[in-house]
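Participant: Below: one structure in structure tokens.
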Amino acid sequence: MHTPLLFQPISFRSVTARNRIVVAPMCQYSAQDGLGSDWHVQHLGARAAGGAGIVMTEATHVSAIGRITPHCLGLWNADHQALLARLAKVITMCGSVPAIQIAHAGRKASSQVPWEGGKPIPLDQGGWQPVAPSALPAVRGATVPHALSASEVKDIVGQFAATARMAREAGFKIAEIHGAHGYLGHSFLSPVSNRRNDAYGGDLNGRARFLLEVVEAIRGEWPEDLPLWVRLSCTDWVEGGLTIEDTVAVARMLAATGKVDLVDCSSGGVSHEQKIPSLHPGYQVPFADAVRNQAGIATGAVGLITEPTHAAEIVANGRADVVLVARAMLADPAWPIRAAKALGVKPDLLPQYLRAAV
Ligand code: FNR
194 MHTPLLFQPI
204 SFRSVTARNR
214 IVVAPMCQYS
224 AQDGLGSDWH
234 VQHLGARAAG
244 GAGIVMTEAT
254 HVSAIGRITP
264 HCLGLWNADH
274 QALLARLAKV
284 ITMCGSVPAI
294 QIAHAGRKAS
304 SQVPWEGGKP
314 IPLDQGGWQP
324 VAPSALPAVR
334 GATVPHALSA
344 SEVKDIVGQF
354 AATARMAREA
364 GFKIAEIHGA
374 HGYLGHSFLS
384 PVSNRRNDAY
394 GGDLNGRARF
404 LLEVVEAIRG
414 EWPEDLPLWV
424 RLSCTDWVEG
434 GLTIEDTVAV
444 ARMLAATGKV
454 DLVDCSSGGV
464 SHEQKIPSLH
474 PGYQVPFADA
484 VRNQAGIATG
494 AVGLITEPTH
504 AAEIVANGRA
514 DVVLVARAML
524 ADPAWPIRAA
534 KALGVKPDLL
544 PQYLRAAV
């Protein structure tokens, strides 16, 4: 029987994944001082053994002040690197390609973990002052962020490169820059949060400069034969914010560098006034489709993709190259095995789990 494209291998540069299903980045809010634990090992290991082609870490931050919450993962010292190396090893052992999402939370840093409310943590309760392109808080009542000087921006670009170097040494094969959800990269791109009038602000070219400098700097440390992805919020879902047309233009800039291999197409997160007209299955897929087919770069589709036939359709019809699954994979680490069964495919699994697919 013909194997659906979803279950055919895919290659980016020298890296080949056994199928086109990606475990989406999912914060576990379970680290201490940026350092993960056995929790992260079991979480990512189980999902790799469950048959996904690629398993991505949660947002892994380049500095302490770049963390969303005090319990987010980081990669800026040797202890962090040792844990990340364990994660890359266990993902690889279980048959998946290990990917790392490299992040800086920008003005959304210093927040409580979601199950404590997710609100900004004030300075006198253990919070810290976030940094941002402009001194505009993400939500009312949050500590006003420090507007970065141009030389402070360069320092952060350097931190992204340093984290990428440590990730490479730790054994990761794909790096993804987190440029979505209102965090630092997105807050530079969006006119909602970037009111600068220097080289890092103004028109879309200026607002994209930070992201392009991060790409350039990471590529200085990330080998040519390994893929680099970028996650973008394709629309801000708010009047005066980024639109899909802007995102196609940014994707063209990324493609033109020759250094980026895929745009992971998410949306929203920069404005608390955002209004998503309809949250339906695959509601962000049209963005992956537009970027792929108008900017000429591979894309990932993500968001309310829970049914195997839906995932297969997206890839088969050329709307995206890979499908990222988050919540459905949280509920069921063996989602890819279930998807293979539903599509009548024999999945590529480790021998210990082969009988799960029969
Ligand atoms: C997320 N998401 C997310 N996105 C991201 O870029 N970096 C991250 O670290 C996280 N963390 C995170 C944690 C948890 C618990 C959830 C549920 C989600 C967003 C995620 O990757 C995905 O884009 C959305 O969840 C939409 O996909 P699903 O859940 O509809 O498949």
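Note that our numbering numbers the sequence shown so that position 226 is 419, with each residue one more than the last. By construction, the Cβ of each residue, glycine as well, lies at the ideal position given by its N, Cα and C atoms.
1. Start and end of the beta strand (DSSP E) containing Val456?
2. When you measure from the CB of Leu497 to every non-hydrogen atom of ligand 1, does any distance come out below 6 Å?
3. For Tyr393 and Asp454, I'd like the C-alpha separation in whole angstroms.
4. Assuming contact is defined by CB atoms lying nearer than 7 Å, are Gln294 and Thr250 in contact in what I supplied?
5. What is the rounded straight-line gap between the Cα of Gly238 and the Cα of Gly395?
6. For Ser380, does the three-state DSSP call read helix, strand or coil?
7. By DSSP, does Trp269 sit in helix, in strand, or in coil?
8. Determine the closest residue to Leu497 out of Val478, Ala509, Gln487, with distance taken between C-alpha atoms.
9. Return the first residue and the last residue of the beta strand (DSSP E) that Gly413 is part of.
10. According to DSSP, is Gly259 helix, strand or coil?
11. Check for me: the beta strand (DSSP E) holding Trp422 runs from which residue to which?
12. Looking at the secondary structure, which residues open and close the beta strand (DSSP E) in which Pro313 lies?
13. Can you tell me the Cα-Cα spacing of His264 and Ala533, whole angstroms?
14. Measuring straight from C-alpha to C-alpha, what distance separates Glu369 and Gln305?
15. Ordered along the chain, which non-local residues of its own chain (more than five positions away) have a Cβ less than 7 Å from that of Phe381?
16. Is the distance from the Cβ of Pro552 to the Cβ of Ala281 below 7 Å?
17. Excluding the 5 residues preceding and the 5 following Thr502 in the sequence, name in chain order all residues of the same chain whose CB lies nearer than 8 Å to its CB.
18. What residue ranges within the segment 469-519 form continuous alpha helix (DSSP H) runs of no fewer than 4 residues, ordered along the chain?
19. Can you find a heavy atom of ligand 1 that lies under 6 Å from the Cβ of Arg520?
20. Distance check for Tyr476 and Leu377, CA to CA, integer angstroms please.
21. Can you check which of these residues, Gln225, Arg260, Pro202, Gly288, is closest to Gly244 by C-alpha distance?
22. When DSSP builds the beta bridges, which residues end up paired with Val248?
23. Opposite Ile367 in the DSSP bridges: which residues?
24. With H, G and I counted as helix, E and B as strand and the rest as coil, what does DSSP make of Ala354?
25. Output yes or no for whether 7 Å exceeds the beta carbon distance between Val515 and Gly489.
26. Would you tell me roughly how many angstroms separate the C-alpha atoms of Asp541 and Val385, rounded to the nearest one?
27. Just to confirm the assignment, what range does the alpha helix (DSSP H) spanning Val234 have?
Facilitator: Per the coordinate set shown:
1. 455-459
2. yes
3. Cα-Cα distance, rounded: 24 Å.
4. yes
5. 44 Å
6. helix
7. coil
8. Val478
9. That residue, Gly413, is in no beta strand (DSSP E); its alpha helix (DSSP H) goes 397-414.
10. coil
11. 421-426
12. Segment: none, Pro313 is in no beta strand (DSSP E) and carries neither H nor E.
13. 35 Å
14. 24 Å
15. Pro326, Asn387, Tyr393, Arg400, Phe403, Leu404
16. The question about residue 552 has no answer, for the chain in this structure spans 194 to 551.
17. Ala535, Leu536
18. 478-483, 501-509
19. yes
20. 24 Å
21. Checking every option, the nearest Cα to that of Gly244 belongs to Gly288.
22. Val216, Pro291
23. DSSP output for Ile367 lists Ala292 as bridge partner(s).
24. helix
25. no
26. 45 Å
27. 231-242
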